[in-house]
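Notes follow once the structure below has been shown.
Number of protein chains: 2
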Amino acid sequence: MKNRMRMYRVGVGFTQEELAFKVDVTRQTIGLIEAGKYNPSLNLCIAICKTLGVTLDEIFWMEDDQDV
Amino acid sequence: MKNRMRMYRVGVGFTQEELAFKVDVTRQTIGLIEAGKYNPSLNLCIAICKTLGVTLDEIFWMEDDQDV
DNA sequence: GATTAATGTAATATATATCTTACATAATGT
DNA sequence: ACATTATGTAAGATATATATTACATTAATC
Chain A
1 MKNRMRMYRV
11 GVGFTQEELA
21 FKVDVTRQTI
31 GLIEAGKYNP
41 SLNLCIAICK
51 TLGVTLDEIF
61 WMEDDQDV
Chain B
69 MKNRMRMYRV
79 GVGFTQEELA
89 FKVDVTRQTI
99 GLIEAGKYNP
109 SLNLCIAICK
119 TLGVTLDEIF
129 WMEDDQDV
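Here it is, written out as structure tokens:
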């Protein structure tokens, strides 16, 4: 459940709270997704990607899994 | 909530039920996601993509939205 | 070093994804 | 026509994503 959200978020200069507001979700939700402890919905993933200016693959697609 | 699941599923020659079994979910769930009536979890999206041999962007990322 | 901003985290409540069961329809083969 | 396979869909139950509230910690700023 790892992802690259934090990397792109700080890259754009947003705080967790700012990103949360923009995608209409709670700061805690953003924090837990970044921490890899949530399994977010596709719609939320898409909203986050659009806000950060990247695609789903760039944040959420891991080309090589550990067990490959 | 549109996506290209059906296209890739029939391309690989899977039935809804076969794909459902492989990603450990119900046939109905697959059907509703294909119909654009469900907002699936990221984990399920990833499992589907791996089973169909494509990435998240290829199935779930729409480059140009209607409202752009 | 005190204050503020940003983040981590936990408990309970609520919304919703998904399951289960069931039936209906469409397509295909015999 | 009949049987079979694939798909659509609905009602109620369950699991889980997310909200809410609250407090702790860390980093930055004064």
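Read top to bottom, the protein sequences are chains A and B. Residues 1 to 68 in my numbering are what the first sequence lists, from first letter to last. Residues 69 to 136 in my numbering are what the second sequence lists, from first letter to last. Beta carbons: idealized from backbone N, C-alpha and C, even for Gly.
| Query | Result |
| --- | --- |
| Rounded straight-line distance, which links the Cα of B:M130 to that of A:N3 | 20 Å |
| Partner residues on chain A for B:M123, Cβ-Cβ distance less than 9 Å | Before going on, a small fix: residue 123 of chain B reads as Thr here, not Met. Under the 9 Å cutoff, chain A gives L56, D57, W61, E63. |
| Other residues of its chain near B:E74: CB distance less than 8 Å, five sequence neighbours each side excluded | The amino acid occupying residue 74 of chain B in the given sequence is Arg; Glu does not appear at that position. Excluding positions up to five away in sequence, the list reads E102. |
| Test item: CB-CB of A:L32 and A:I46 under 9 Å | no |
| Endpoints, the alpha helix (DSSP H) within which B:G121 is located | No alpha helix (DSSP H) holds B:G121; DSSP gives it neither H nor E. |
| Residue-chain proximity (A:I30, chain B), Cβ-Cβ < 9 Å | no |
| Chain A residues whose Cβ lies nearer than 7 Å to that of B:L120 | The contacting residues do not exist; B:L120 stays about 13 Å from chain A at best. |
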